[in-house]
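S.K.:
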Amino acid sequence: MPFSIDIANVSKSFGKVKALNDVSVSVGKGELFGFIGPDGAGKTTLFRIVTTLLLPDKGKITVNGFDVEKDFKSIRKITGYMPGRFSLYMDLTVQENLNFYAGIFNTSVKENYGLIKDIYSQIEPFKNRRAGDLSGGMKQKLALSCALIHKPDILVLDEPTTGVDAVSRMEFWGILKKMKNYGITILVSTPYMSEASLCDKIALMQNGNLLSVATPDKVINDYPYKLFKIRTSSMQNLPGDIKSFGNIKSVYRFGDYIHFAVDGKSGFNERDLNRYLTETGYRNVELEKINPDIEDCFLELMDKEGL
Ligand SMILES: Nc1ncnc2c1ncn2[C@@H]1O[C@H](COP(=O)(O)OP(=O)(O)OP(=O)(O)O)[C@@H](O)[C@H]1O
Ligand SMILES: [Mg+2]
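For the sequence shown, this note's numbering assigns the number 5 to the initial residue and increments by one for each residue that follows.
1. Assign A207 to one of three DSSP states: helix, strand, or coil.
2. Kindly identify the DSSP beta-bridge partner or partners of S254.
3. Can you tell me which of L208, I234, G244 and T236 puts its alpha carbon nearest to the alpha carbon of L305?
4. Residue range of the alpha helix (DSSP H) that L180 falls in?
5. In whole angstroms, what is the alpha-carbon distance linking I9 and N132?
6. Which term fits F18, buried or exposed, when burial requires 16 or more other beta carbons within 10 angstroms of its beta carbon?
7. Work out the CA separation of T56 and N68 for me, nearest whole Å.
8. Where does F130 fall in DSSP's three states?
9. Identify whether S8 lies in helix, strand or coil by the three-state DSSP scheme.
10. Taking 8 Å as the cut-off, does the region 163-183 touch the region 135-146 (at least 3 CB pairs, one atom from each stretch)?
11. Out of curiosity, what's the CA-to-CA distance linking S216 and K233?
12. Quick one: Cα of I108 to Cα of N295, how far?
13. Helix, strand or coil: which one does DSSP assign to T284?
14. Can you look up G38 in the DSSP assignment and give me helix, strand or coil?
15. Mind checking whether the beta-carbon of T166 lies closer than 6 Å to any heavy atom of ligand 2?
16. For K64 and E199, I'd like the C-alpha separation in whole angstroms.
17. Cα separation between G32 and K247?
18. From the beta carbon of I65, is the nearest beta carbon of chain C less than 7 Å away?
19. The alpha helix (DSSP H) with K222 in it runs from where to where?
20. For D47, is the beta carbon positioned less than 6 Å from some heavy atom of ligand 1?
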């Protein structure tokens, strides 16, 4: 498959901060590709390099065969970018924002209306409202419409769902799936691990490092340990007590539960742990073997890399 975006050994530092450390990823044409990682992972820095707004210190990136350094003008023509902080002009109306973005790219809203119709029709009733007066979910739809209005081959969306309500977030992912039907390659970043499974492929990032690049299913299948969740009448000292039981790879809080991982070959036995905890004074021990989700995999990979 000819790669749409090829990122090879890219590093970027800001003073002493290594924002990207030898990052290599290839994104296939038409893929919905997620960069998942917490604050400071390097997502925005990478996206700014891909969209030619920033130069790498080292490495090479091509977008549809164009080099980010030499061919930046060509890349800008074929790329739509929705930066994390909304790119809208808050004093302009919905319609004025869209016309403005179409204008920069020498196109018109009419020419490419088909592409944004599904999304834009939802905010069209408010077309004379100032962007600043829209709700978060509506701003997000307008920003996406603006990024799409010149019919880009590549769409780069930096944390488009951060700070948006759960319903609008799901609706937004539905829209992205549909965009794939137009053959648009989509790079999207998110701090929400739960959104990873909605991507064709994901890159897990932490402190400028790539921890893993694979399909969400493969990341989960590659999880090397047996994982359990546990809850008892008293949670405070539970992580420490589980650790002192021995042979535990990792223990961490996970919502209302504690998750812990054990090596499948360690001879760990659920009944023994249960007995040990009861003897230690715990009551109502709920212990269950579970399948990891992306967040468990992320924590395990971080542990492995010593990050
Ligand atoms: N212009 C800059 N000057 C100095 N440091 C920077 C600059 N841009 C990014 N950094 C640093 O580089 C690291 C990576 O930042 P980046 O914004 O790429 O991460 P991110 O994954 O987008 O995080 P967030 O979730 O906060 O948006 C951080 O430590 C950040 O403070
Ligand atoms: Mg960012």
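Just so you know, even glycine gets a beta-carbon here, dropped at the ideal spot from N, CA and C.
Please read all numbers here as calculations on a predicted model, not as lab measurements.
M.R.: To lay it out plainly:
1. Looking at A207 - three-state DSSP - the assignment turns out to be strand.
2. A265
3. L208
4. A170 to K184 is the span of the alpha helix (DSSP H), which, as asked, contains L180.
5. 37 Å
6. exposed
7. 13 Å
8. Three-state result, F130: helix.
9. strand
10. Touching, yes, given that three or more Cβ pairs across the two stretches are closer than 8 Å.
11. C-alpha of S216 to C-alpha of K233: approximately 24 Å in a straight line.
12. 48 Å
13. helix
14. strand
15. no
16. 28 Å
17. For G32 and K247, the gap between their C-alpha atoms comes out near 43 Å.
18. In summary, chain C is missing from the structure at hand, where a single protein chain is found.
19. P220 to N225
20. It should be noted that the sequence gives Lys, not Asp, for residue 47. Yes, the Cβ of K47 comes within 6 Å of a heavy atom of ligand 1.
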